[in-house]
Amino acid sequence: GTRRRGAVCVSSLGSVLDESKCSQQDNLVTQKCNEFVCPQWKTGDWSECLVTCGKGHKHRQTWCQFGEDRLDDQLCDSSSKPVSMQTCQQQECAAWQVGPWGQCTTTCGQGYQMRAVKCVVGSYGSVMDDNECNAATRPTDTQDCEMTVCPAAQPAVPESKPPSHGGHRTQWRYGSWTPCTTTCGKGTRLRYVSCRDNLGGVAEESACSHLPRPPAREACSVSSCGQWKTLEWTLCSVSCGQGKMTRQVVCVNFSDQVVDVSECDPDDRPASKQECALSQCPSQSDQGRLPTHRPPGRAFPPGAHQWRIGPWGACSSTCAGGFQRRAVVCQDENGYAASYCDDRTKPVEQRSCESGPCPQWVYGNWGECTQSCGGGVKTRLVVCQRPNGERFNDLSCEILDKPPDREQCTSQACPPDAGWNTSPWSSCSVSCGKGHKHRTVSCMTKEGKQMEDDGCKHLPKPNVQRKCRGGRCPKWKTGNWGQCSLTCGRGTQQREVSCQIGNQKTSAGETKCTQSARPPSIQPCQAMECPAVYSWKAEEWQECSLTCGRGTQQREVSCQIGNQKTSAGETECTQSARPPSIQPCQAMECLAVYSWKAEEWQECSKTCGSGTRYRKVVCHDHGKKEVNEMYCNTNKRPAAIDSCNTHPCDFIWITGAWSECSVSCGQGYQRRLVSCSEVYSTKDQYEYGYQAMSNCPGIPPTSVQACNPGECPAPESWRVGNWGLCSATCGEGVMQRTVQCLTADDQTSNRCQLSTRPEEIRVCQNLDCELPKSCSDIQRLKGFLEDGEHLLNIQGKAVKIYCAGMQTESPREYVTLVIGENFSEVFGFRLNNPTECPYNGSRREDCNCRRDYTAAGFSSFSKVRMDLHKMQIITTDWQFAHTREGHHVPFATAGDCYSAARCPQGRFSINLSGTGLQVAEETQWISQGNYAVADIHKSAVRD
Numbered sequence: 001g002t003r004r005r006g007a008v009c010v011s012s013l014g015s016v017l018d019e020s021k022c023s024q025q026d027n028l029v030t031q032k033c034n035e036f037v038c039p040q041w042k043t044g045d046w047s048e049c050l051v052t053c054g055k056g057h058k059h060r061q062t063w064c065q066f067g068e069d070r071l072d073d074q075l076c077d078s079s080s081k082p083v084s085m086q087t088c089q090q091q092e093c094a095a096w097q098v099g100p101w102g103q104c105t106t107t108c109g110q111g112y113q114m115r116a117v118k119c120v121v122g123s124y125g126s127v128m129d130d131n132e133c134n135a136a137t138r139p140t141d142t143q144d145c146e147m148t149v150c151p152a153a154q155p156a157v158p159e160s161k162p163p164s165h166g167g168h169r170t171q172w173r174y175g176s177w178t179p180c181t182t183t184c185g186k187g188t189r190l191r192y193v194s195c196r197d198n199l200g201g202v203a204e205e206s207a208c209s210h211l212p213r214p215p216a217r218e219a220c221s222v223s224s225c226g227q228w229k230t231l232e233w234t235l236c237s238v239s240c241g242q243g244k245m246t247r248q249v250v251c252v253n254f255s256d257q258v259v260d261v262s263e264c265d266p267d268d269r270p271a272s273k274q275e276c277a278l279s280q281c282p283s284q285s286d287q288g289r290l291p292t293h294r295p296p297g298r299a300f301p302p303g304a305h306q307w308r309i310g311p312w313g314a315c316s317s318t319c320a321g322g323f324q325r326r327a328v329v330c331q332d333e334n335g336y337a338a339s340y341c342d343d344r345t346k347p348v349e350q351r352s353c354e355s356g357p358c359p360q361w362v363y364g365n366w367g368e369c370t371q372s373c374g375g376g377v378k379t380r381l382v383v384c385q386r387p388n389g390e391r392f393n394d395l396s397c398e399i400l401d402k403p404p405d406r407e408q409c410t411s412q413a414c415p416p417d418a419g420w421n422t423s424p425w426s427s428c429s430v431s432c433g434k435g436h437k438h439r440t441v442s443c444m445t446k447e448g449k450q451m452e453d454d455g456c457k458h459l460p461k462p463n464v465q466r467k468c469r470g471g472r473c474p475k476w477k478t479g480n481w482g483q484c485s486l487t488c489g490r491g492t493q494q495r496e497v498s499c500q501i502g503n504q505k506t507s508a509g510e511t512k513c514t515q516s517a518r519p520p521s522i523q524p525c526q527a528m529e530c531p532a533v534y535s536w537k538a539e540e541w542q543e544c545s546l547t548c549g550r551g552t553q554q555r556e557v558s559c560q561i562g563n564q565k566t567s568a569g570e571t572e573c574t575q576s577a578r579p580p581s582i583q584p585c586q587a588m589e590c591l592a593v594y595s596w597k598a599e600e601w602q603e604c605s606k607t608c609g610s611g612t613r614y615r616k617v618v619c620h621d622h623g624k625k626e627v628n629e630m631y632c633n634t635n636k637r638p639a640a641i642d643s644c645n646t647h648p649c650d651f652i653w654i655t656g657a658w659s660e661c662s663v664s665c666g667q668g669y670q671r672r673l674v675s676c677s678e679v680y681s682t683k684d685q686y687e688y689g690y691q692a693m694s695n696c697p698g699i700p701p702t703s704v705q706a707c708n709p710g711e712c713p714a715p716e717s718w719r720v721g722n723w724g725l726c727s728a729t730c731g732e733g734v735m736q737r738t739v740q741c742l743t744a745d746d747q748t749s750n751r752c753q754l755s756t757r758p759e760e761i762r763v764c765q766n767l768d769c770e771l772p773k774s775c776s777d778i779q780r781l782k783g784f785l786e787d788g789e790h791l792l793n794i795q796g797k798a799v800k801i802y803c804a805g806m807q808t809e810s811p812r813e814y815v816t817l818v819i820g821e822n823f824s825e826v827f828g829f830r831l832n833n834p835t836e837c838p839y840n841g842s843r844r845e846d847c848n849c850r851r852d853y854t855a856a857g858f859s860s861f862s863k864v865r866m867d868l869h870k871m872q873i874i875t876t877d878w879q880f881a882h883t884r885e886g887h888h889v890p891f892a893t894a895g896d897c898y899s900a901a902r903c904p905q906g907r908f909s910i911n912l913s914g915t916g917l918q919v920a921e922e923t924q925w926i927s928q929g930n931y932a933v934a935d936i937h938k939s940a941v942r943d
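Residue numbers (this note's numbering): 1 to 943.
Written out as structure tokens, the structure reads:
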């Protein structure tokens, strides 16, 4: 915008002059103002789709911002506010699919029949793991069946059906196979096998003994890691008769290097021994027979036979100690198997290996039962971890020994009234990583009619939220940096950056990963310094530009590679080392044909206080013609500027005319302009120039003095009478009094200030009558009314209560609050390092955080609902609450997931001013969750 002001031209004495006497540059009457930008809407990043399958929504935060400050949304244009929610479509949801019922297990009497229940997805019905479907909605796969009555002569024994466990049928449940424990050769794979009842609870294994138990472990085989290699057979161990031949069999990899025998398939191992038969030995004596072992007298050259060892194999156990083996063979100098190595020097074939203690199952205490009657479920935390607290996945512990993490409880029947009804769990709030599932919990009668939650308060309310885990989140993966693009000097090097889920690249390219967190794929690199192949070359100096006197001479300077000029000009050579291409030169003295001529001095710029004066100085030739100054001797040039009038100036005080008196009567004051001026004379008059006050001598003249135009008339004031009676004999009414403006001699006047006029009408309450105690009492006395404020008798005190729902059979009581000072917040930021508490615990949104806490929200309250019987605020009533962002946050509630240190960030505020109520002294706030910290500040009690 712009702002304006008036401007007049005045003299030093304060008199108004014509505008032509003043400089127009100083006549500034219009100026721009408020040039900063208006508040604007800002948006955060879109969240992930809140469902992992099907159609859902995604959110983002929108706020009004001015500069670095966040403002109330009312200060931005509501018509241009960006949307904060939009729909999103994920892949199809998995659902249960059932097959037809099988035949009854008996031909007469009572038996049971079964059917297949599978978790499938897509129009082609691809079978998924049961964990992908909602376990709470799983259809039953077993039901009773009754055939014709069996003949009495041969009563049929009822077919054995799954025995009930806690009143329910049981069956084996099993999960998917884990990957094979080896990537080559033979290994094992595992899966989870558990006996479950038809509610999904864990049952004793004996309850499923009527059914064959599915295997929890089985062998798995993939291609062999190595291959067997055989060497030549040795000679027969005897020279006649029956003997043996041996050969060495080793396991080698694809590079023909010897590896541990466990890398090869033991079932395919070639034979290392075989029998051999030579001609029959002479029967008359055994002495001619060659010995099968080393003859005692036979000598072998030292070092001919020696022990050869292979590499150590893998440890036989990943924890609690194991052993590892290696091949140790005796060979001759040709690498063939031999039997004459010294056993005393044989290297060890086996050694122990330690990999730390094995993880064990650790479980916590049972939680509360989900229901106080009618059969509920209680759960506990069961994890696989080492003694030092390091956690592993369940497959690292003995899966069959896993303690149950849930069991049934409170099987006694509930009283025949209302109970909690739960809806199915929603899909996980995130598609990857940790999230939450939600469901609605309502109180319903046995006829199926929904009622207030108070009807079920005798029962524990089931959870409406639980944790869940999506798939693996996409992450940036980087390869190794490549070689520098240059062998000398400064170049660049590159590496591969890809978006992966696990070890697989995403099908959507890099769009699945956060672009702002993408690692760089190129960086500068510095190789060794390049050799100095570029150099400057200077030619010979040319002749001097003048034949006499002082001139200049030039030469050519170029950047060359060897003896060749560069195509890039001089940019390749070092500029600081460039030789000069021009220099001054002195020829012989010129004849005195040029001389300086100085004209008369001009007037001094000041008459006092050190001024300056100028004159013109030119160079003439012998014909008195002006020429360029380069022809004259610069050392003999006369001065063209000089100081003058260096004596000090006179300073005097100048005063303006007195202003009018500040009052029209009585004692007042008036002002005048006082300034210090420098006095200097020109031709016929004195001129003045404004100077600092410190330059003038003595004490400055006074600029303010008292004035009294005359005595003021008698003063006026407001006079009030007594309050009249209340207009209502019961409840709220009004009362009045007289208010007059009178002088000191009691004469009426109109000179009193209206801003100080006392009130003439006041609201009054007559409590002599009996006030109603609830909005229902008002409805019963006066009939159906509009919603509004009413006076109620609250514990003997008249309190203003807002009655809502007065057109219904169940009106509700609310207390009207101070706007803007009653709110609840769950802070949405989370520290990347949760052990810190930065900025001394102060709250800043530019912290090293991520804004992804799914339970975050901010709710403000203009009214809160009261339970007048218990004198309690119902914190979860949202009729007069406004949730600005995120989820609803109950009244007087705060939270965050910011830090594990003592660093609370969530806030709430309660201000009951003007309500006639106050927070009870015994009120306490309950902390929940891990590393919970509460910091409550209470102000002084106000009505």
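From the three backbone atoms N, C-alpha and C, an ideal C-beta is built for every residue, glycine too.
Name the DSSP bridge partner or partners of residue i?
i: Q113; result: Q143
i: T43; result: T62
i: K55; result: Q89
i: P584; result: T552
i: D867; result: Q872
i: N793; result: A798
i: D650; result: V679
i: M451; result: C443
i: P638; result: Paired residues: none, contrary to the question.
For residue i, does the count of other Cβ atoms within 10 angstroms reach 16, so buried, or fall short, so exposed?
i: T478; result: exposed
i: H165; result: Its pLDDT being 38, under 50, H165 is placed unreliably in this model, and the value from its coordinates should be taken loosely. So H165 counts as buried.
i: T230; result: exposed
i: D935; result: exposed
i: R865; result: buried
i: N198; result: buried
i: H790; result: buried
i: Q248; result: buried
i: Q154; result: In this prediction, Q154 has a pLDDT of 44, which is less than 50 and means its spatial position is unreliable; what the coordinates show is noted afterwards. Q154 is exposed by the Cβ-count criterion.
i: L459; result: buried
i: C488; result: exposed
i: G623; result: exposed
i: G14; result: exposed
i: F784; result: exposed
i: F323; result: exposed
i: R3; result: exposed
Hey, would you say residue i sits closer than 7 angstroms to residue j, going by beta carbons?
i: T170; j: C208; result: yes
i: S47; j: K58; result: yes
i: V328; j: P311; result: no
i: V261; j: C251; result: yes
i: A804; j: D787; result: yes
i: C665; j: C741; result: no
i: Q113; j: G102; result: yes
i: T816; j: K773; result: no
i: C49; j: C88; result: yes
i: P462; j: W420; result: yes
Can you give the beta carbon distance from residue i to residue j, rounded, assuming they're within the 8 angstroms contact cut?
i: G906; j: F827; result: 5 angstroms
i: T854; j: A901; result: So it is not a contact: roughly 22 angstroms between Cβ atoms.
i: C409; j: K378; result: 5 angstroms
i: T188; j: A216; result: At roughly 10 angstroms, the Cβ-Cβ gap does not stay under 8 angstroms, so T188 and A216 are not in contact.
(request) Go through the region 185-254 residue by residue and report every complete run of the beta strand (DSSP E) that reaches 3 residues or more, in order. (result) 186-190, 193-197, 217-221, 227-230, 242-246, 249-252
(message) So within the region 838-862, which uninterrupted beta strand (DSSP E) runs reach at least 3 residues, ignoring any that extend past its ends?
(response) 857-861
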